[in-house]
Structure formats: structure tokens, C-alpha cells
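Undergrad: There's a structure below that I have some questions on.
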Amino acid sequence: MLKDPNSHFSPQAHIIADEGFEGGVCVGDIRSKAGISQSTTSQYLSILLQSGLVEMKRIGQWTYYRRNEETIKKFEKYIGTKI
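The sequence shown: position 55 = 44 (our numbering), numbered continuously.
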């Protein structure tokens, strides 16, 4: 869903082009779309953040996540060399 957030989530009210975090999705929207609890969502996003697969930004009281495309491309390349 984070690969194409415009297709899966409504426009994110607090993401402003000047913020430099286009494609970010609010944790609440991710939780709602995934249909899992807030604590489980936070745990999964924390693991993805620690692994570098997503990036996070706090804007006011909201926390937004988006894919870390650079890390994902490196991971894809690594997997391609190991198969």
C-alpha cells in the first residue's frame, strides 16, 4: 500500500510539498487500512523503520511513514545477486 499511497489512501492533510515528505501516510490511516490494532501497527512500523525499509516524520501531533526507496532498491539488488 505504501508503494502507491495515492491509490490506497486519501490525501494526507498535513503533508505539504515544502515539508519534503511526499508519499508519507499517517499511522492512523495505515492502521485503519490494515485492519489491525494501533499497538500492532506501531510494532510493525518500528521494525520496518529499524531495518531502514521505511522513513518516518513527525508533523505536529501526527506521525507519517513512507517507503525508503533507496534502501528497497539496494535490498532488491542484493536479493537478485543471491538467487
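Note that CB positions come from ideal geometry on N, CA and C, so glycine has one too. It should be emphasised that the depicted structure is a prediction, and the values quoted were computed from it without experimental measurement.
#1: Just tell me which of K66, T60, I68 and S(-1) has its CA closest to the CA of E44.
#2: Measure how close the beta-carbons of N57 and L42 come, nearest whole angstrom, since I'm counting them as under 8 Å.
#3: Tell me whether the beta-carbon of I48 lies closer than 7 Å to the beta-carbon of H(-3).
#4: For Q1, count neighbouring C-beta atoms within 10 Å of its own C-beta (all shown protein chains included) and say buried if the count is 16 or more, exposed if not.
#5: Distance, Cα to Cα, M97 vs V16?
#6: If you drop the 5 nearest sequence neighbours on each side, which residues of the same chain put their C-beta closer than 7 Å to that of K(-8)?
TA: Put simply:
#1: The shortest C-alpha to C-alpha distance from E44 to any of K66, T60, I68 and S(-1) is the one to T60.
#2: So it is a contact: roughly 6 Å between Cβ atoms.
#3: No, the pair does not count as a contact, with Cβ atoms beyond the cut-off.
#4: Burial call: buried.
#5: Nothing about residue 97 can be reported from this structure: the residues present for the chain run from -10 to 72 only.
#6: For K(-8), where only same-chain residues beyond five positions count, the Cβ hits under 7 Å are R56.
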